[in-house]
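Heads up, the sequence shown is in this note's numbering, so the first residue is 28 and it goes up one at a time.
Step one of this worksheet: look at the structure below.
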Amino acid sequence: MQIDVLTIFPAFFDVLEVSLLGRAREAGLLDIRVHDLRDWTHDRHRTVDDTPYGGGAGMVMKPEPWGEALDALVPADAGAQAPPVIVFPSPAGARFSQSMARELAGASHLIFGCGRYEGIDERVFDYAATRGDVRMVSLGDYVLNGGEVAAMAMIEAVGRLVPGVVGNPDSLVEESHEDGLLEHPSYTKPAAWRGFEVPPVLLSGNHGAVAAWRREQQLERTRARRPDLLGPQD
Ligand code: ADE
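Printed below as a string of structure tokens:
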């Protein structure tokens, strides 16, 4: 999978060099390229923003650097190549989820456009739609300073679903949200620690009882912490 990131703060993405995604990049499973949007400016100050038409607080990202960047990343004559999915992280987007992560993991080329300030000139999204499949995506109902942290979270959630990135594919099946429920609690040795004990059923060797206990824990946790996942309660 190829992932391109457009940002005025490439340093946010330095952590992509460590851990699982770092190894996946080294192994050639993920081809992640982080680009400085200012490389597509032409003035001395490398300007990427300007005042909003109609007035108002803050600055808006200018369309020209975005247009040139998209032209560079998605050549008009891409031929038979599938058009990329172009994700713009935004608090005004559709809510990101595990199912959206699965869907994005099926794309061969993702582009993340990270906005700052009061946002990006709206025409950039119209233009991007002529080059790919545009998605406005929110990490949640709160406001970050820009799209970078949201893009990082999405890259990690999507990247780990790319085949081969997570060594043991079973661990992808058993985690929170894969079956619509939160994950059951996990324990390791020692069996007693600082007065807290591992639930005896996990030491019983009875696989059926362990599975039933885990399922019940999943339901109990989901009811307590995320009742919305269980649908309308009446
Ligand atoms: N940019 C600013 N806030 C955001 C959010 N909640 N999700 C995605 N991108 C954002």
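Ideal placement from N, C-alpha and C gives every residue a C-beta, glycine not left out.
If you're wondering where the values come from, they're calculated on a predicted model, not measured in any experiment.
Rounded straight-line distance, which links the Cα of residue j to that of residue i
{"i": "A107", "j": "A251", "result": "49 Å"}
{"i": "L6", "j": "M127", "result": "Residue coverage of the chain in this structure runs from 28 to 261, which leaves residue 6 outside it and unanswerable."}
{"i": "A6", "j": "H136", "result": "For residue 6 there is no data in the structure shown, the boundaries of the chain being 28 and 261."}
{"i": "V164", "j": "F152", "result": "13 Å"}
{"i": "A134", "j": "G222", "result": "49 Å"}
{"i": "T27", "j": "W93", "result": "Because residue 27 is not part of the residues shown, which for the chain are 28 to 261, the question remains open."}
{"i": "A54", "j": "V192", "result": "9 Å"}
{"i": "G146", "j": "V87", "result": "5 Å"}
{"i": "E243", "j": "Y169", "result": "32 Å"}
{"i": "Q125", "j": "A180", "result": "12 Å"}
{"i": "E336", "j": "V45", "result": "The structure shown does not extend to residue 336, since the chain spans only 28 to 261, so no value can be given for it."}
{"i": "L56", "j": "M28", "result": "7 Å"}
{"i": "V42", "j": "N233", "result": "42 Å"}
{"i": "F123", "j": "L166", "result": "5 Å"}
{"i": "E201", "j": "K216", "result": "20 Å"}
{"i": "A51", "j": "D197", "result": "18 Å"}
{"i": "D63", "j": "Y154", "result": "19 Å"}
{"i": "I30", "j": "D58", "result": "6 Å"}
The ligand ADE heavy atom lying under 7 Å from the CB of residue i
{"i": "Y154", "result": "no"}
{"i": "L257", "result": "no"}
{"i": "G140", "result": "no"}
{"i": "S117", "result": "yes"}
{"i": "L166", "result": "yes"}
{"i": "V161", "result": "no"}
{"i": "A121", "result": "no"}
{"i": "A177", "result": "yes"}
{"i": "L171", "result": "yes"}
{"i": "G85", "result": "no"}
{"i": "G174", "result": "yes"}
Nearest neighbour of residue i, chosen from the options [CA to CA]
{"i": "A267", "options": "G167, A109, I138", "result": "In the structure as shown, the chain begins at 28 and stops at 261. Residue 267 is therefore absent and cannot be evaluated."}
{"i": "F36", "options": "Y144, W220, V114", "result": "Y144"}
{"i": "L257", "options": "L208, R65, E175", "result": "L208"}
{"i": "G49", "options": "V237, M163, A109, I182", "result": "I182"}
{"i": "N172", "options": "A109, P116, F223, E201", "result": "P116"}
{"i": "Y214", "options": "L199, L230, D168", "result": "L230"}
{"i": "P111", "options": "P226, D168, A156, A54", "result": "A156"}
{"i": "K89", "options": "V200, I59, G142", "result": "G142"}
{"i": "V228", "options": "G222, A239, W220", "result": "A239"}
{"i": "G159", "options": "A219, A218, D197, I113", "result": "I113"}
{"i": "E95", "options": "P196, L166, H69", "result": "H69"}
{"i": "L97", "options": "A121, S198, W67, F123", "result": "W67"}
{"i": "T249", "options": "E205, L199, N233, L47", "result": "E205"}
{"i": "G81", "options": "G232, D148, V161, W220", "result": "D148"}
{"i": "N195", "options": "L43, L47, I30, V42", "result": "L47"}
{"i": "E130", "options": "D197, V176, G83, R162", "result": "R162"}
{"i": "A177", "options": "G83, A121, Q245, Y154", "result": "A121"}
Spatial neighbours of residue i in its chain, beta-carbon cut-off 6 Å, leaving aside the 5 residues before and after
{"i": "V61", "result": "V32, P37, F40"}
{"i": "A103", "result": "none"}
{"i": "G140", "result": "L33, F115"}
{"i": "A236", "result": "V228"}
{"i": "E175", "result": "T34, F36, F39, C141"}
{"i": "W220", "result": "none"}
Proximal residues to residue i (C-beta, below 7 Å), its chain only, five neighbours per side dropped
{"i": "A132", "result": "V185, L188, V189"}
{"i": "S203", "result": "L209, E210"}
{"i": "R241", "result": "H211"}
Same chain, Cβ closer than 8 Å to residue i, neighbours up to 5 away in sequence not counted
{"i": "R73", "result": "R65"}
{"i": "D76", "result": "M86, V87, M88, K89, R143, Y144"}
{"i": "A218", "result": "E224, V225, L230"}
{"i": "L199", "result": "R187, L188, V193, E205"}
{"i": "R150", "result": "P90"}
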